[in-house]
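Contents: one structure, followed by commentary.
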Amino acid sequence: MSVFRVVGGPQNYAWGKLGSSSAVARYAAANDPEHVKIDENTPYAELWMGTHPKVPTIVYETGKPLSELIAQNPSKYLGDKVIAKFGSSKELPFLYKVLSIKKVLSIQAHPDKKLAQQLHASDPEHYPDDNHKPEMAVAITDFEAFCGFKPLAAIKHELETIPEFAELVGEKATKDFIANPSKENLKNVFHRVMSSDETFIAEVATKLVKRSVEEPSLFGNELADLIQRLNEQFPKDVGLFCGCLMLNHCNLKSGEAMFLQAREPHAYISGDIMECMAASDNVIRAGFTPKFKDVEVLVSSLTYSTNPVEEQKQPPAPFPRGSGDAKFALYDPPIDEFSVLHIKFDNAGKAQMKGIDGPSIVIVTEGTGKLNQNDENISLDAFEGGVYFIAPGAEVELVNESSKPFILYRAFCEA
Ligand code: 9C2
Ligand code: ZN
C-alpha cells in the first residue's frame, strides 16, 4: 500500500494549551481514541509525526513503528534519491509537528550539522541526536513569535533610552555598543545579559516591568504590553531582556510562514502552527524555560545577523502538480529536508495531486473527506486529526463531499 494511516504522538511540555483547547490534544485523540484520552488539566504542546526515535510514528493498522515498515522496503517508502541524499534507509529526513502554544516557548536556537555532531558526542543527554534543525512555522491561527535579533539601530536606541537594559549590560559594554553597533558588540551585549547573576536579573527586571507600566510609550506600547504579559508567565526572567528587548517580535496571520535557519535565536509566543524541521530535537536554550540552559554554547554559536522580519518570512508559491477544486499553497524553504503544502477546499469537490519523488506525511486540520489512491483502489476516510503516510510517486485524489471547508497540510521531502 502506498497510502495509509499513521499515528503520531503528543508531547506535554508545560507551554502547551490545556486539554481540549489544544488542537494537538483534539487531533491526537481523534486519530488514536484508544490511547489518547484528553485530560483537561494537562498541556498538549506538540504532536510529532515522523521517525525520530523520541516519539516514533506508528502505522495504524499494525501498531508497529513506521521506521520498521520503511526499513523493509526503503526504495518504496523513501525513494532511492532520498536514501542516497540523506543516508538513512529507515528514517524520514524531516520531523513534522502541530504546536498549540499557550505560553512562550524557551528562547532558543538550533545547531548546524557540525555543532550538532559535537554537542551530541559530548552531551548526548541534552543533545539527543547529531542532526541540524532548521525549521519552518506555518501559522494555522494568528501566531506570534520572536525571530532573529532586532536591527542594530533599534538595540542601540533601547540601550540609550531604557536605563534597566543599560544597567544589566553594564557601563562598558553599553558604551562600546552605542559607539559602534557592530555584530561583535551585539555578541558582547548578549553575552553580558545571558551571563548576569540571577538575583541581579530579577532586581533589574522588576524595575523594567515597573517602567513598562509607568512609561509604556518609551517602549512603544506593544512592547510594553509584551513585557508585562511575558513577565506574568515567567516573572523576572532574563527572557524579558534577551527576548523582548533584543529579538524581533513578529505576528503572522493564518497562512503566513517563517523559516528559521540553524543558529538563529527565536521563541514562539502564542497560537497554533504546523512546524516542519530536519529530523532533530536539538535545542540550545536561553530564557523563559524551566529546561536546561546552555548559555556558553548559545552565545558562541549564534550568527548575530540582524535580518528584518520580512526576510525571514517564507511566502507561499503555486503547486503546479495539484489540480481540481482545492487551492494549493507551497512553502518551500531553502533547505533539502522538507517542504510543506497547504491544501484547502472551500466547498465540495475533488482535487488531484501528482506523485512526489519522496515520502510525505499529511494531516487533516479541518473537515472531513476522502483520501484516495485509485490505482491501488485505496479509499481512506479523512477526518480532523487524521494522519496519513504517502509513499513516493503515489498519486492522490482528495474528495470533499460536504460544503464545509476541508483543510490538509502535507509535509514532504523530494531530493
Ligand atoms: O520542540 C522546541 C520546544 O524545543 N520550536 O521548545 O520546550 O524546548 O522550550 P522547548 C521544539 C520545537 O520544535 C521548536 O524548535 N521553535
Ligand atoms: Zn525552534
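Residue numbers (our numbering): 2 to 416.
All C-beta atoms, glycine included, are put in the ideal place defined by N, C-alpha and C.
Per-residue burial, residue i [other beta carbons within 10 Å of its own, 16 or more giving buried]
{"i": "G318", "result": "Reading the sequence as shown, one finds Ala at residue 318 and not Gly. The residue is exposed, with fewer than 16 neighbouring Cβ atoms inside 10 Å."}
{"i": "G88", "result": "exposed"}
{"i": "F201", "result": "exposed"}
{"i": "S301", "result": "exposed"}
{"i": "V214", "result": "exposed"}
{"i": "D130", "result": "buried"}
{"i": "H36", "result": "exposed"}
{"i": "F178", "result": "buried"}
{"i": "K157", "result": "buried"}
{"i": "K294", "result": "buried"}
{"i": "K211", "result": "exposed"}
{"i": "T52", "result": "buried"}
{"i": "S101", "result": "buried"}
{"i": "Q73", "result": "exposed"}
{"i": "K18", "result": "buried"}
{"i": "S23", "result": "buried"}
{"i": "E338", "result": "buried"}
{"i": "P182", "result": "buried"}
{"i": "T175", "result": "buried"}
{"i": "N222", "result": "exposed"}
{"i": "E199", "result": "exposed"}
{"i": "G64", "result": "exposed"}
Beta-carbon proximity check, residue i vs residue j, cutoff 7 Å
{"i": "G386", "j": "Y28", "result": "yes"}
{"i": "E159", "j": "L246", "result": "yes"}
{"i": "F147", "j": "G244", "result": "yes"}
{"i": "K355", "j": "R322", "result": "yes"}
{"i": "I39", "j": "S21", "result": "yes"}
{"i": "P334", "j": "M137", "result": "yes"}
{"i": "V296", "j": "M195", "result": "yes"}
{"i": "F95", "j": "C277", "result": "yes"}
{"i": "S255", "j": "T142", "result": "yes"}
{"i": "P125", "j": "A263", "result": "no"}
{"i": "T307", "j": "P152", "result": "yes"}
{"i": "E233", "j": "V205", "result": "no"}
{"i": "M50", "j": "V388", "result": "yes"}
{"i": "K345", "j": "M259", "result": "no"}
{"i": "I228", "j": "L248", "result": "no"}
{"i": "D113", "j": "H133", "result": "yes"}
{"i": "F320", "j": "L331", "result": "yes"}
{"i": "A268", "j": "I391", "result": "no"}
{"i": "Y305", "j": "L187", "result": "yes"}
{"i": "P75", "j": "S90", "result": "yes"}
{"i": "K328", "j": "G368", "result": "no"}
{"i": "Y78", "j": "I84", "result": "no"}
{"i": "T58", "j": "V7", "result": "yes"}
{"i": "P266", "j": "A110", "result": "yes"}
Ligand 1 heavy atom lying under 6 Å from the CB of residue i
{"i": "S107", "result": "yes"}
{"i": "T290", "result": "yes"}
{"i": "Y305", "result": "no"}
{"i": "V284", "result": "yes"}
{"i": "Y14", "result": "yes"}
Whole-angstrom C-beta distance between residue j and residue i, which should lie under 8 Å
{"i": "V341", "j": "A280", "result": "Contact doesn't hold; Cβ gap of about 15 Å is too wide."}
{"i": "V60", "j": "F5", "result": "7 Å"}
{"i": "F289", "j": "F235", "result": "5 Å"}
{"i": "G10", "j": "P360", "result": "Not confirmed; about 18 Å, so no contact."}
{"i": "L120", "j": "N283", "result": "7 Å"}
{"i": "G272", "j": "A140", "result": "6 Å"}
{"i": "M2", "j": "I379", "result": "6 Å"}
First through last residue of the alpha helix (DSSP H) which encompasses residue i
{"i": "E276", "result": "E276 -> not in any alpha helix (DSSP H); beta strand (DSSP E) instead, spanning H267 to A279."}
{"i": "E233", "result": "N222 to Q234"}
{"i": "F201", "result": "E199 to E215"}
{"i": "N32", "result": "A24 to N32"}
{"i": "I11", "result": "According to the sequence provided, residue 11 is Pro. The question's Ile does not apply to it. Element bounds for P11: not the alpha helix (DSSP H) but the beta strand (DSSP E), G10 to Q12."}
{"i": "R193", "result": "K184 to M195"}
{"i": "K371", "result": "Unbroken run through K371 is the beta strand (DSSP E), G370 to Q374; no alpha helix (DSSP H)."}
{"i": "V170", "result": "P164 to V170"}
{"i": "A122", "result": "K114 to S123"}
{"i": "K86", "result": "D81 to F87"}
Start and end residues, beta strand (DSSP E) containing residue i
{"i": "M354", "result": "G350 to M354"}
{"i": "V37", "result": "Where V37 is concerned, there is no enclosing beta strand (DSSP E), given that its DSSP letter is neither H nor E."}
{"i": "V99", "result": "F95 to I102"}
{"i": "V366", "result": "The sequence shown places Thr at residue 366, rather than the Val named in the question. Residues S361 to E367."}
{"i": "L381", "result": "I379 to A383"}
{"i": "S255", "result": "Per DSSP, S255 belongs to no beta strand (DSSP E) and is neither H nor E."}
{"i": "L70", "result": "It is not in any beta strand (DSSP E) - L70 instead sits in the alpha helix (DSSP H) that spans L67 to Q73."}
{"i": "H454", "result": "Outside the modelled stretch of the chain, which goes from 2 to 416, sits residue 454, for which no answer is possible."}
{"i": "L48", "result": "E47 to M50"}
{"i": "S21", "result": "Taken as a continuous stretch (DSSP letters only), S21 belongs to no beta strand (DSSP E), as it is neither H nor E."}
{"i": "V139", "result": "E136 to A140"}
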